[in-house]
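Engineer: Numbers given in my numbering equal positions in the first sequence, counted from 1, plus 1448. Glycine included, C-beta positions come from ideal geometry on N, C-alpha and C.
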Amino acid sequence: MSSTIRDQKIKELDEIRKKGLEPYPHKFERTQTTQDILKAYGEMEAGEVREDEKVKTAGRVMAIRNHGKSAFFELKDFYGTVQGYIRKSEVGQDTFDFFKEHVSTGDFIGIDGFPFKSKTGELSVYTKGIQLLTKTLRPMPEKWHGLKDKEVIYRQRYVDLIANKESMQRFKTRFEVIRLIREFMHDNKFVEVETPMLHYTLGGASARPFITHMNTYDVDMYMRIAPELYLKRLIVGGFDRVFEINKNFRNEGVSYKHSPEFTMMEFYQAYADYNDLMKLTEELFGFVVKELFGDYEIEYQGHKINFKPPWNKVTMQGFIKEHLGVDILNDSDETLLETLKEHHNEPEIKDRSHLIDGLWDLVEDHIVQPTFVMNHPVEISPLAKKHRDDPRVTERFEPIILGREMGNAFTELNDPIDQRERFEKQVAMRDSGDEEAQMMDHDFIRALEYGLPPTGGEGIGIDRFVMFLTNSASIRDVIPFPMVKPGSLEEEYSEETEQDEEAK
RNA sequence: GGGCCGUUAGCUCAAUCGGCAGAGCAACUGACUCUUAAUCAGUAGGCUACAGGUUCAAUUCCUGUACGGCCCA
C-alpha cells in the first residue's frame, strides 16, 4: 500500500543501471558547500553571470521547477540551500533527458558549473554537468507544511530533519551548546574524563536503575544513574578539576521534562566549596546564553528568563517557610505531614526526607528566574558535607529555573566516617522499601579513607538547559532519538521485505 | 498509573443529522528556456489504525486493543 511510489523507484534503479549508470556511486569530489558559494558570490548583481568561475557542489534535491527545455532546482546541504539551473541547449540532449527522467526530489546529486544571479536576484549554479549520487526510494514529506506527525518526528528523526528546518536548527543549537560548555570548562582548567557506564553498585543519585547482565562474570550490572562516585575517586587519585559529559539512565517515568536516558555534565573541583560552584555555575550558564544570543535574556514559552549573574539565592528552609508557613528544620513530622495533607500531596513513605521532598515539590514552581536554592537538610543529601554553621543542613544547592531543577551541587562530603553513617541510613531506608534510596559503596568509603581533599562537585542537566535555549516545550524535542515505545512499524517492515523478496 | 483528545491517500488536512471517500502538495503523462509554494491540462493513488458490536446502511454511534498528544500523579 505504502509502496507504490517506492515500487516505481526500485524499478527505476534497474533502468538507470541498464543505461550504464550507477544510482549509488562511491564518491563525488565536492569543492564548495552551499555556504562557500553564498560567501563567494552572494554579492553579485541580479542578472550577473561569471562564466569563468568554477563551482562544484552536492546536496539533496528539495524541489524541481521544470520549464520544458530548462529547469530550476533547489539543492540543500547541511549549511544551506543553493539554486541550480539546467538548460538543454547548454548540457545537451542526453544529460538533460537524464535529469528529467531520473533526478527527483529527495535524490542526492552533484553538480558543476558556474555562478550567476537570476533576474530576480537569486544566486544560482548554471549547471554544466550533473551526477546522480544517491537515488532515494521514499517520497519526501510535503514541502510546504512539513512533517507534523509527532510519532513520525520522534521515530524517524531523519525524516523530521530533512523536512523541518526548525528541527535541524534545534539540534545544531543543542550540539553547539555542548561545544560551548566544553570550551568554558577547558578554559577553566577542567580535564574532560570518562568513567564507567556499567556499575556493580548504584550511587550518586536516588533513582531506579536499568539492570543488565555481564556474561563473562555472570553478574548483574546497573546502567549508571550518575557518575559522581567515580569522578570523586579521580579526585582522590590526584586529579584537580574534572568534568564528564555523558548519559545517565533512570528507569522512571517519561514526561515533558524527564527522559529515562538523559545527558548530564558533572564536574568536580578540588579545594572549592559550594560558594565557588555557584559563581562558576552562573558564569557557565551566562557564558553559553551570551555566546548564543548576544544577550543574557531569553524568551521561553512566554516567559522572559534572564541568566545574567549574579543569580538570586534562597535557602530551602526559608523558601518553604515563606510560601507554606512550615519550618522544615524546627517543626515536627506531624506538622509537616499536616501541611502536605492540606495541599493534597501526601507521600507514600512518611519519613522526614520524603516529607521535605513533598513540601519542596509544592513550592518549586514559584521560582521563575534563575535561582540557587541552598542548604538542603542532611536527610535528603546523603553525599553532601554538613554546613559549617548548622549541622542540620548541608552545603548544597540546586540551580532552579522556572521550577525546574537544572542541576545539583555541594561541598562534597569527604569525611569517611560520616559518609559511612549516611550510607547506612540510606540502606535502612532501602530495606524498609524505598527503592530509590542509595546503596552502600564500600570501595567508595575506602577511597575516602585514602583522602578526598576539600572538593566542590556539581551535575547539570544538559537536555533541560537546551530546552530553554531552543524554546522547546518537551525534552523529546531536544533529544535526537528520544525513547518511544517499540513496534509500530514492524508490520510494514515485514510486508516490504516480503514484497522485495518476491520481486527478485 | 488516571483523565481528556487524536489516528482518513506518501505528506498536510476535509467529509453536514449515520446515506456514493474529497482537496492541496508529492507521484505519473503532456505543454512550457529566469522559476522559486512556478504555471497550465490530464492520470493514478483508500481494508478510513486494529478487533468486535448496534444498524437497511458506520470515517461518523458503542466496546476493547495498539500507538501518539495534552493535562494530572
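(1) Verify whether the separation of the beta carbon atoms of Ile1849 and Trp1808 is less than 8 Å.
(2) Report the option in Asp1743, Gly1855, Glu1614, Ile1485 whose CA atom is closest to the CA atom of Asp1925.
(3) Can you pull the DSSP bridge partners for Thr1903?
(4) Do Val1530 and Thr1575 have their CB atoms nearer than 8 Å?
(5) For Lys1517, which residues from the same chain have a beta carbon less than 6 Å from its beta carbon, with the 5 sequence-adjacent residues on both sides left out?
(6) Classify Gly1577 as buried or exposed, calling it buried when 16 or more other Cβ atoms lie within 10 Å of its own Cβ.
(7) I'd like to know whether the C-beta atoms of Glu1860 and Gly1904 end up nearer to each other than 8 Å.
(8) Less than 8 Å between the beta carbons of Ile1659 and Tyr1670, yes or no?
(9) Please confirm if the stretch 1737-1750 is in contact with the stretch 1776-1791, defined as three or more CB-CB distances below 8 Å between the two stretches.
(10) On the DSSP bridge list, what partners appear for Pro1563?
(11) Distance, Cα to Cα, Leu1740 vs Lys1637?
(12) Using DSSP's beta-bridge definition, name the partner residues of Glu1846.
(13) If the criterion is Cβ atoms closer than 8 Å, does the pair Phe1562 and Glu1496 meet it?
(14) My output table needs one value for Leu1831: the three-state DSSP class, helix, strand or coil.
(15) Please go through the stretch 1661-1724 and give each complete alpha helix (DSSP H) segment of 4 or more residues, from N-terminal end onward.
(16) Short of 6 Å in beta carbon distance, which residues of its chain neighbour Thr1729, apart from the five on each side in sequence? Order them along the chain.
(17) What did DSSP end up calling Tyr1472 once you bin it into helix, strand or coil?
(18) May I ask you to report which of helix, strand or coil DSSP gives Phe1741?
(19) Between which two residues does the alpha helix (DSSP H) carrying Tyr1489 extend?
(20) Buried or exposed: Tyr1606, going by 16 or more other Cβ atoms within 10 Å of its Cβ?
(21) With DSSP as the reference, label Lys1620 as helix, strand or coil.
(22) Flag this pair as touching only if the stretch 1473-1485 and the stretch 1500-1511 have three or more C-beta atom pairs under 8 Å; answer yes or no.
(23) Please list, in chain order, all residues of the same chain as Pro1864 whose beta carbon is under 7 Å from its beta carbon, the five residues on each side excluded.
(24) Provide the residue(s) that pair with Ala1506 in DSSP beta bridges, ordered along the chain.
(25) Under the DSSP definition of a beta bridge, which residues are partnered with Glu1640?
(26) What are the boundary residues of the beta strand (DSSP E) that Asp1525 is part of?
(27) For Phe1858, which beta-bridge partners are listed by DSSP?
(28) If you draw a straight line from the C-alpha of Met1888 to the C-alpha of Lys1596, how long is it?
(29) Taking the alpha-carbon of Lys1459 as reference, which of Phe1547, Lys1583, Thr1787, Ile1610 has the nearest alpha-carbon?
(30) At 4 residues or longer, and completely inside the stretch 1864-1925: list those alpha helix (DSSP H) runs for me, N to C.
Structural biologist: With the structure as the only source:
(1) No, they are not a contact pair.
(2) It is Glu1614.
(3) In DSSP, Thr1903 forms a bridge with Ala1718.
(4) Contact flag unset, no.
(5) Correct list, in chain order: Lys1536.
(6) By the neighbour-count criterion, in which 16 or more other beta carbons inside 10 Å mark a residue as buried, Gly1577 falls on the exposed side.
(7) For the 8 Å CB-CB criterion, Glu1860 and Gly1904 form a contact.
(8) Tyr1670 is positioned such that its CB atom lies closer than 8 Å to that of Ile1659.
(9) The stretch 1737-1750, when compared against the stretch 1776-1791, does not touch it at the 8 Å Cβ threshold.
(10) Per DSSP, Val1573.
(11) Their backbone Cα atoms lie some 22 Å apart in a straight line.
(12) According to DSSP, Glu1846 bridges with Val1821.
(13) For Phe1562 and Glu1496, no; Cβs fall outside 8 Å.
(14) When secondary structure is reduced to three states using DSSP, Leu1831 falls in the coil class, being assigned neither helix nor strand.
(15) Runs found: 1676-1685.
(16) The residues are Pro1847.
(17) Of the three classes helix, strand and coil, the one that applies to Tyr1472 here is coil, per DSSP.
(18) Under the three-state reduction of DSSP output, Phe1741 falls in the helix class.
(19) That run of the alpha helix (DSSP H) goes 1482-1489.
(20) A residue is called buried when at least 16 other Cβ atoms come within 10 angstroms of its Cβ; Tyr1606 does not meet this threshold and is exposed.
(21) Of the three classes helix, strand and coil, the one that applies to Lys1620 here is helix, per DSSP.
(22) With a cut-off of 8 Å, the stretch 1500-1511 and the stretch 1473-1485 count as touching, because enough Cβ pairs lie within range.
(23) Cβ within range, chain order: Ile1893, Leu1896, Glu1897.
(24) Looking at the DSSP output, Ala1506 sits in a beta bridge with Gly1558.
(25) According to DSSP, which records beta bridges pairwise, Glu1640 is partnered with Phe1691.
(26) Secondary structure note for Asp1525: its beta strand (DSSP E) is the uninterrupted segment 1518-1525.
(27) Partner(s): Arg1844, Gly1905.
(28) Rounded to the nearest angstrom, the two C-alpha atoms are 48 Å apart.
(29) Restricting attention to Phe1547, Lys1583, Thr1787, Ile1610, the CA atom closest to the CA of Lys1459 is found in Lys1583.
(30) As far as the stretch 1864-1925 is concerned, its whole alpha helix (DSSP H) runs of at least 4 residues are 1864-1879, 1890-1899, 1910-1917.
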